[in-house]
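Novice: Taking the working numbering, the leading residue of the sequence shown gets 165, the next gets one more, and so forth. Note that the Cβ used here is the ideal one computed from N, Cα and C, for glycine as well. Everything numeric in this text was worked out from a predicted model, so none of it was measured.
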Amino acid sequence: MSAPGPPQDNGSPVEGRTGSDRVASGESLTPAPGLVGREAELARIDALLAEATGRGSATLLLQGDPGAGKTTLLGAARSRASGFTQLTATGVESESHLAHAGLLELLHPLRDQLDEVPEAQAAALGAALGWSPRPSGAADRFLVGAATLSLLAAAAERRPVLVVVDDLQWLDEESSVAVLFAARRLGPDAVALLLAGRAGSVPSGLVHDVPVLTLGGLPAHAAAGLLPRATSPAVLDRLVAETSGNPLALLEVSTRLDAAQLLGTAPIPETLPAGERVRKWHAASVVLLSPAARRAVLLLALSGPSSASGTAALAALAGPDEAARHLDEARERGVLVQEDGQHAFRHPLLRSTVLELATPAERRAAHEALADALPAGDRARTWHRAESTVGTDARVADELERLAQADRHRLGYAAASAALERAATLTDDHDLAARRLAAAAHDAFVAGDVGRVRRLVARVLAEDAPDRARGEALFTLGMLEQYAGSVPRSVEHLDAASRLLDGLLLVRVLTELAVARFRLNDVAGLVDCAHRIDAVADTTDPEQQLLAAFTGGVALVLTGDPVAGVARLADVRRLADLPALRHDALALLLMAISSAFTGQVEHAVTAGTPRLEELRRRGSVGVLVPLLAIRASGRAWLGDHTGAFADAGEAAELAQHLGYAADASVAEEMLAWQQAARGLHDDARASLARARTLTDRAGTTTAAAHQALTAAFCAVCRGDLDATVELLEARLEIDGGVGSSGEPLGIAPLLVEAYTGLGRTDDARALTAQYAAATPVSAPALSRALLHRCEGWSAVDDSAARDLFEAALESHAAADDPFEEARTRLAYGGRLRRTGQRIAAREQLDAAARAFAAMDLDHWSDLAARELAATGATAHRRHTPGEAPLTSQETRVALLAAQGLSNREIGASLFLSPKTIERHLSSVYRKRGFRSRTELAAALARQDPSP
């Protein structure tokens, strides 16, 4: 029986024309051999290419069993993409731990365009791919993803780009994250991304929102085109049934059956390959190789996409002539092919089969040969040496730890985590091995690899590790749960960690535990954390002082001692400005949170913004989510709802990319609030749904009063007062109706408004009386203003209502919340109009309409304009009624363009491509009637947050 030959792909594109050109012209595309029965899939690929060249970036994931034809379809796509710059990469199972290996293969042809990438992004990419001899930046995974986007967008300015990634399930994590980040944020750029992966093996979190085309088996009429013409119908039906129509299995079977078997005049094998069983047929090819040839292909299998090191090792072992003879044998047996002067496996499954058939001893010997063939200092040499080691080896373990330290800054935290985990297995000192595993878990947490963190922590906890290593592992797991998992579980892990650690780590753990307990409205637990921190914090260490001041100050405020609490929180601001902490992201975050408790929101926005932008430039993206959410809140409080909308949208987008849960839900809620206030009710519903999903995942839904209040506000905006009542009355049952910051009966202003609108005046008066009893005279001015507004709504006497609304406005003057003041004026003016006091009503309604318009809140601006029109007056509007409001991303672009930034600079700041910025600006100009950036800047400059 002859050895099987490779499946042939003889498809040839129409010269000089892409598949999208031929689709557009209506030409028939006849599939080549090897693509029989894939007409629908080819049409989908043509549509992908057409979309990229016509409307902008598009992505498609091909999924299927081994042998389904994924690689053949990728080749067909490349042949149909004439006129495209083509970039390819293939995941390699044995090299999935080598950070950025796939990205290097993919982007190498674009290296000469690196100078078109924003500086910070270029530095990160240069560090990651080894393009910078002395890297000036760290390979932050977010910045590497942004740089990938920028590089692809720059290439697409010249020609359309086709990105082809095969075996995505084996691509190293850093590369896959960068590619998918670019795929999600490319806009009108002419980039098509075609990915392929084994069904069920590609992480769902990686491709959760990517369009998928699943390759099933071929039906009999299509499968007939793969088999010899003499195949009888009965044999054809059996082959299709027993191979599930798998194209590769059918091709392999056809080479192993003789003419009589195909005609049905001789029996065929009892068992035929289907799905994973194709591997057995590949194994038949590999086992026919001589031992020397098998060793040769094993060296190639372990050497990665480029066979240079494998070929060098083979030549060193056997000599150049013998090496060539072994490789020729592998080609004759159909295991290898030669492409562009290099040897490659005929099919990815053959490479996997070679690795599976090798014994552990054979693999170790091959790794050792590869290590010997590589120069000293090569990181791959260190890894091959580690994989060739049996048992423990302190020297190699130390070398891997040093490699991890270098990887952390150059290749990223995932690479460092992999190196530390392997170092731990080579370490004979039990305690040191546990510490290395705990450090590997922490690096995996920073890298965002949730599954890896859980696995590594489980190893630390199961191996009777020393207290410190266990504490560090639990600390890491607690942070993971708080930001991307379950907050109640986070509390359990952080509390356990706090019993095992001391010093600075203990103070850090207790601070995280305090935040987690605050998310669950566990004030007593937060206070306990504050007391424990005060008992152990080193008063000479600025960081520990800051953490103690923050938790202690919040505890005092929440337990009824705002004066002492504000005094301690003021220390947070002072300490965060010290040189030692000025560039610390956590210090800035705690300063921003403290401002909400001390009422120094304006300082947090003005003083914190330059530091936030510096963190953005440095690529500290993880902390941007809570910082942007806090700044959005501060801006909204000050009346800058344009800026708040921009920040909330960006925080929500980044949170989705990072996989956050608790912080992401807050960002989504704020985005929903802004969308509803602009009349974008469908968008607001979608944002609220995402927020609810996230708090359910985090286990904080019942404690999330802010979410119910946001949902109730959105219901008010769309006129669904029944929903408002249902939401807020439920909060009365859960926690007595506290507000988002724990204030007594904080739900009252919205619920009284809903009761009044529904004609439930008795309920409105009863709740207002309870609210008055819960609001002391010493309450903040805003609380007093909202109480008087409730009293004005529910007042029976018109004269009394007027006095109460005037009292509310007097309190608003000291509260500095333009939106709520405008809402009070709208309610006041509406009451005046309904009692026939049109002149007085116009004064209040005109002020409200101007304030809402200045804040860019179209829904409320329209409401005020309609009320004003009912008095016989006309509201002054900034733009034509009925125009579509700007989206959050359009608002971000407009704000930066108004500052004079170029499209490229805006794209670098927002991690978007210049073409996406251009599209957004065009939309802004169309929606607002601007003709230039000068008009845009002037219009935004005229926006005044005050009424």
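Roughly how many angstroms separate the alpha carbons of residue 967 and residue 960, rounded to a whole number?
Specialist: As a position in the sequence shown, residue 967 is number 803, starting the count at 1. As a position in the sequence shown, residue 960 is number 796, starting the count at 1. Rounded to the nearest angstrom, the two C-alpha atoms are 12 Å apart.
Novice: Contact check, residue 1091 vs residue 1048 under 8 Å by CB: the rounded distance?
Specialist: The residue given as residue 1091 occupies position 927 in the sequence shown. The residue given as residue 1048 occupies position 884 in the sequence shown. With 8 Å as the limit, residue 1091 and residue 1048 qualify as a contact, their Cβ atoms being about 6 Å apart.
Novice: With 16 other CB atoms within 10 Å as the buried threshold, where does residue 911 fall?
Specialist: On the sequence shown, residue 911 is found 747 positions in, with the first residue counted as 1. It counts as buried.
Novice: Is it a yes or a no for the segment 489-501 touching the segment 562-570, going by three-plus beta-carbon pairs under 8 Å?
Specialist: The segment 489-501 vs the segment 562-570: no contact.
Novice: Run through the segment 911-955 for me and flag every whole alpha helix (DSSP H) of 4 or more residues, listed as ranges in chain order.
Specialist: Counting only runs of 4 or more, we get 912-921, 925-938.
Novice: Measure the C-alpha to C-alpha separation of residue 1073 and residue 1105 and round it to an integer number of angstroms.
Specialist: On the sequence shown, position 909 is the one that residue 1073 refers to. On the sequence shown, position 941 is the one that residue 1105 refers to. In a straight line, the C-alpha of residue 1073 is about 21 Å away from that of residue 1105.
Novice: To the nearest angstrom, report how far apart residue 210 and residue 323 are at their CA atoms.
Specialist: Counting from one through the sequence shown, the residue named residue 210 turns up at place 46. Counting from one through the sequence shown, the residue named residue 323 turns up at place 159. For residue 210 and residue 323, the distance between alpha carbons rounds to 17 Å.
Novice: How is the alpha helix (DSSP H) around residue 318 delimited, first residue to last?
Specialist: As a working mapping, residue 318 is identified with position 154 in the sequence shown. Counting along the chain, the alpha helix (DSSP H) containing residue 318 begins and ends at 305-320.
Novice: Pull up the distance between the alpha-carbon of residue 393 and that of residue 272, whole angstroms please.
Specialist: To locate residue 393, count along the sequence shown from 1; it is residue 229. To locate residue 272, count along the sequence shown from 1; it is residue 108. Going from the Cα of residue 393 to the Cα of residue 272 covers about 44 Å.
Novice: If you pair each beta-carbon of the segment 478-496 with each one of the segment 412-429, do three or more pairs fall below 8 Å?
Specialist: They do not touch, by the three-pair rule.
Novice: Which of helix, strand or coil does DSSP assign to residue 845?
Specialist: By 1-based counting over the sequence shown, the position of residue 845 is 681. It is helical.
Novice: Would you report the Cα separation of residue 974 and residue 926, rounded to the nearest angstrom?
Specialist: As a working note, residue 974 is residue 810 in the sequence shown. As a working note, residue 926 is residue 762 in the sequence shown. Each residue's alpha carbon lies about 26 Å from the other.
Novice: Do the segment 701-709 and the segment 678-685 touch if we need at least three Cβ pairs shorter than 8 Å?
Specialist: Too few Cβ pairs lie closer than 8 Å, so no.
Novice: Thinking C-alpha only, which one of 916, 923, 286 is nearest residue 933?
Specialist: The count along the sequence shown starts at 1 and reaches residue 933 at position 769. Per the Cα distances, 916.
Novice: Please classify residue 1135 as buried or exposed, where buried requires at least 16 neighbouring CB atoms within 10 angstroms.
Specialist: No answer is possible for residue 1135: it lies beyond the span of the chain, which begins at 165 and ends at 1111.
Novice: Return the first residue and the last residue of the alpha helix (DSSP H) that residue 888 is part of.
Specialist: Here residue 888 refers to the residue found at position 724 of the sequence shown. Run containing residue 888: 885-899, per the alpha helix (DSSP H) assignment.
Novice: Measuring CA to CA, which of 399, 444, 448 is closest to residue 428?
Specialist: If you number the sequence shown from 1, residue 428 lands on position 264. For the residues 399, 444, 448, the minimum Cα distance to residue 428 belongs to 399.
Novice: May I have the straight-line CA-CA distance separating residue 856 from residue 304, to the nearest angstrom?
Specialist: What you label residue 856 is simply residue 692 of the sequence shown in a count that begins at 1. What you label residue 304 is simply residue 140 of the sequence shown in a count that begins at 1. The straight-line gap from Cα to Cα measures roughly 30 Å.
Novice: DSSP puts residue 509 in a beta bridge; with which residues?
Specialist: Position 345 of the sequence shown, counted from the start, is the residue given in the question as residue 509. 500.
Novice: Could you check how far apart the C-beta atoms of residue 799 and residue 776 are, in whole angstroms? I think they sit under 8 Å.
Specialist: Within the sequence shown, the letter at position 635 stands for residue 799. Within the sequence shown, the letter at position 612 stands for residue 776. No, residue 799 and residue 776 are not in contact; Cβ-Cβ is about 12 Å, not under 8 Å.
Novice: Any idea what DSSP makes of residue 271, helix, strand or coil?
Specialist: As a first step, residue 271 must be located in the sequence shown, where it is residue number 107. Residue 271: helix per DSSP, three-state reduction.
Novice: In the DSSP assignment, the beta strand (DSSP E) including residue 330 goes from what residue to what residue?
Specialist: As a first step, residue 330 is located in the sequence shown; it is residue number 166 there, counting from the start. Taken as a continuous stretch (DSSP letters only), the beta strand (DSSP E) holding residue 330 covers 325-330.
Novice: Based on DSSP bridge pairs, tell me the residues matched to residue 228.
Specialist: In the sequence shown, the residue the question calls residue 228 occupies position 64. Answer is 362, 379, bridged to residue 228.
Novice: If you run the structure through DSSP and keep just helix, strand and coil, what is residue 665?
Specialist: Here residue 665 is taken as the residue at index 501 of the sequence shown, counted from 1. Looking at residue 665 - three-state DSSP - the assignment turns out to be coil, as it is neither helix nor strand.
Novice: Between residue 151 and residue 697, what straight-line distance do the alpha-carbon atoms span, to the nearest angstrom?
Specialist: Not covered by the structure: residue 151. The range shown for the chain is 165 to 1111.
Novice: Is the Cβ-Cβ distance between residue 805 and residue 833 less than 8 Å?
Specialist: Here residue 805 refers to the residue found at position 641 of the sequence shown. Here residue 833 refers to the residue found at position 669 of the sequence shown. Result no, Cβ atoms of residue 805 and residue 833 do not sit closer than 8 Å.
Novice: Report all residues from its chain with a CB closer than 6 Å to the CB of residue 701; omit the five preceding and five following residues, and keep chain order.
Specialist: Residue mapping note: residue 701 aligns to position 537 of the sequence shown, counting from 1. 671, 708, 712, listed in sequence order.
Novice: Determine which residues share a DSSP beta bridge with residue 250 and list them.
Specialist: Translated into positions along the sequence shown, residue 250 becomes position 86. The partner list for residue 250 (beta bridge, DSSP) reads 326.
Novice: Could you give the residue range of the alpha helix (DSSP H) that holds residue 877?
Specialist: Residue numbering aside, residue 877 sits at position 713 when the sequence shown is read from its first letter. Looking at the DSSP string, the run of the alpha helix (DSSP H) that includes residue 877 is 869-881.
Novice: Quick one: Cα of residue 397 to Cα of residue 417, how far?
Specialist: Against the sequence shown, residue 397 aligns to sequence position 233. Against the sequence shown, residue 417 aligns to sequence position 253. Roughly 16 Å between the two C-alpha positions.
Novice: How is residue 356 classed by DSSP in three states: helix, strand or coil?
Specialist: Here residue 356 refers to the residue found at position 192 of the sequence shown. Looking at residue 356 - three-state DSSP - the assignment turns out to be strand.
Novice: Note the first and the last residue of the continuous alpha helix (DSSP H) segment covering residue 992.
Specialist: Residue mapping note: residue 992 aligns to position 828 of the sequence shown, counting from 1. Element bounds for residue 992: 982-998.
Novice: Considering Cα atoms alone, identify which of 505, 467, 770 is closest to residue 530.
Specialist: Indexing the sequence shown from 1 puts residue 530 at position 366. Among 505, 467, 770, the Cα nearest to that of residue 530 belongs to 467.
Novice: Measure the CB-CB distance between residue 835 and residue 877 and report whether it falls below 8 Å.
Specialist: Counting from one through the sequence shown, the residue named residue 835 turns up at place 671. Counting from one through the sequence shown, the residue named residue 877 turns up at place 713. Contact: no.
Novice: Go through its chain and collect everything with a Cβ distance to residue 719's Cβ below 7 Å, but skip five positions before and after it.
Specialist: Position 555 of the sequence shown holds residue 719. Only 690, 691, 694 meet the Cβ criterion.
Novice: How big is the Cα-Cα spacing for residue 601 and residue 262?
Specialist: In the sequence shown, residue 601 corresponds to position 437, counting from 1. In the sequence shown, residue 262 corresponds to position 98, counting from 1. Each residue's alpha carbon lies about 18 Å from the other.
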